[in-house]
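A.B. asks: Residue numbers (my numbering): 120 to 408. The beta-carbon is built from N, C-alpha and C at its ideal position, and this holds for glycine as well. Mind looking over this structure? Questions follow.
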Amino acid sequence: MARPFDIEPVDATFGAVVRGIKVAELDEAAFRALYDAWLEYALLIFPDQQLNHPQQIAFAKRFGPLEFEMAALSNVKSDGTLRREADNDDMMKVLKGNMGWHHDSTYMPVQAKGAVFSAEVVPTIGGKTGFADMRAAYDALDATTKQRIEGLSAYHSLHYSQSKLGHQASQADGEYSGYGFHNGPVPLRPLVKTHPETGRKSLLVGRHAHNIPGLDRTESERLLQQLIDFACQPPRIYHHDWKPGDAVVWDNRCLMHQATPWDMTQPRVMWHSRIAGDPTSESAVAQAA
Ligand SMILES: [Fe+2]
Numbered sequence: 120m121a122r123p124f125d126i127e128p129v130d131a132t133f134g135a136v137v138r139g140i141k142v143a144e145l146d147e148a149a150f151r152a153l154y155d156a157w158l159e160y161a162l163l164i165f166p167d168q169q170l171n172h173p174q175q176i177a178f179a180k181r182f183g184p185l186e187f188e189m190a191a192l193s194n195v196k197s198d199g200t201l202r203r204e205a206d207n208d209d210m211m212k213v214l215k216g217n218m219g220w221h222h223d224s225t226y227m228p229v230q231a232k233g234a235v236f237s238a239e240v241v242p243t244i245g246g247k248t249g250f251a252d253m254r255a256a257y258d259a260l261d262a263t264t265k266q267r268i269e270g271l272s273a274y275h276s277l278h279y280s281q282s283k284l285g286h287q288a289s290q291a292d293g294e295y296s297g298y299g300f301h302n303g304p305v306p307l308r309p310l311v312k313t314h315p316e317t318g319r320k321s322l323l324v325g326r327h328a329h330n331i332p333g334l335d336r337t338e339s340e341r342l343l344q345q346l347i348d349f350a351c352q353p354p355r356i357y358h359h360d361w362k363p364g365d366a367v368v369w370d371n372r373c374l375m376h377q378a379t380p381w382d383m384t385q386p387r388v389m390w391h392s393r394i395a396g397d398p399t400s401e402s403a404v405a406q407a408a
């Protein structure tokens, strides 16, 4: 059946631009076709949507229950003034931390399924969002590496990743909710993940991953960094240059993403709705204190 929208793959192993629809107005058949395309491409980009918050939340909920409905990722403070880079407050540390490649909520008991992300205000230069195809990354690994990592797992923690930027949970400054500083047992996740809907294998690493059981700390960090460096290279990456009104939806089970720098004397306002993972497939394999 012909798709009820135009779809144009981007120049990478994944990702496509979808035109000819308003995502807030999809009937069930169109949404099913869109969902199938999402499983195939893992990242769908929708130019010129101008979603308001209820529309974005409603669209995100069609992919499944939400982990949270709407969070601002912005250098604009609630009083309308710009957050100053030099102040290096907790939100700035979160914005900077997000510039490392990662999957969302691997540091929570259940990894996120995906996210709808939209642009309201964008800077003139920079502020792209990068995505990396961890299915293609896994496929491209040599046989020896595949064999080496098959039985390995890593712990995932926001405490770990943010501490590298000097961000401690106890220093919450009011505007950052502190979300993600999970204080329960630290989730342990395999380095090789099987997608619950497509069956494709992918690499699961990123900035929150650390401390592979069975490896010493140096060896663990070296292996995790090597895997990230290998994975996040063309043709497996795509960086989206936002225009106001753009929206995307990505599959967090098989893509990593990263923010990129911009001139923070210019405002940038982005909105994130996080789709909850299915506990049967996205739960940690084990947890340790
Ligand atoms: Fe993220």
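Let me check you understand the geometry: is the CB of Asn-194 closer than 7 Å to at least one non-hydrogen atom of ligand 1?
C.D. replies: no
A.B. asks: For Tyr-298, I'd like the list of residues in its chain whose CB is within less than 6 Å of its CB, leaving aside the five on either flank, ordered along the chain.
C.D. replies: none
A.B. asks: Check whether the region 188-200 touches the region 341-356, counting contact only when three or more Cβ pairs, one atom from each stretch, lie closer than 8 Å.
C.D. replies: no
A.B. asks: Across the region 249-263 and the region 394-408, are there enough close Cβ pairs to call them in contact, namely three or more that are closer than 8 Å?
C.D. replies: Taking 8 Å as the limit for Cβ pairs, the verdict is that the region 394-408 does not touch the region 249-263.
A.B. asks: Would you kindly work out how many angstroms separate the C-alpha atoms of Ala-408 and Phe-300, rounded to a whole number?
C.D. replies: Note that Ala-408 scores 47 on pLDDT, short of 50, meaning its location in the model is unreliable; the coordinates nonetheless yield the value given after this. One C-alpha to the other measures close to 14 Å.
A.B. asks: Indicate whether the contact test is met: 3 or more Cβ pairs, each with one atom in the region 263-279 and one in the region 361-374, closer than 8 Å.
C.D. replies: no
A.B. asks: Would you mind stating whether Met-218 and Gln-377 have Cβ atoms separated by less than 8 Å?
C.D. replies: yes
A.B. asks: If you follow the alpha helix (DSSP H) that Val-213 is in, where does it begin and where does it stop?
C.D. replies: 209-216
A.B. asks: Just verifying my parser: in three-state terms, what is the DSSP assignment at Tyr-274?
C.D. replies: strand
A.B. asks: With DSSP collapsed to three states, give me the class of Ile-164.
C.D. replies: strand
A.B. asks: Strictly closer than 6 Å from CB to any heavy atom of ligand 1: give me those residues in the order they appear in the chain.
C.D. replies: Asn-217, His-221, Asp-223 and His-376
A.B. asks: Which same chain residues, not among the five before or five after Arg-181, have their C-beta less than 6 Å away from its C-beta?
C.D. replies: Phe-150
A.B. asks: Check whether the Cβ atoms of Val-241 and Trp-361 sit closer than 8 Å, and answer yes or no.
C.D. replies: Cβ atoms of Val-241 and Trp-361: closer than 8 Å.
A.B. asks: Determine the burial state of Ile-244: buried for a count of at least 16 other Cβ atoms within 10 Å of its Cβ, exposed for fewer.
C.D. replies: Looking at its Cβ environment, which holds fewer than 16 other Cβ atoms inside 10 Å, Ile-244 is exposed.
A.B. asks: By Cβ distance below 7 Å, which residues in the same chain neighbour Asp-223 in space, the five residues on each side in sequence not counted?
C.D. replies: Taking C-beta separations shorter than 7 Å and ignoring five residues to either side along the sequence, the partners of Asp-223 in its chain run Ala-231, Ala-234, Asn-371 and Arg-393, following chain order.
A.B. asks: At which residues does the alpha helix (DSSP H) containing Pro-173 begin and terminate?
C.D. replies: Unbroken alpha helix (DSSP H) run through Pro-173: 172-180.
A.B. asks: Output needed for Ala-152: all residues of its chain with C-beta closer than 7 Å, excluding positions within five of it in sequence on either side, in chain order.
C.D. replies: Arg-122 and Pro-123
A.B. asks: Is the beta carbon of Met-253 less than 8 Å from the beta carbon of Leu-322?
C.D. replies: yes
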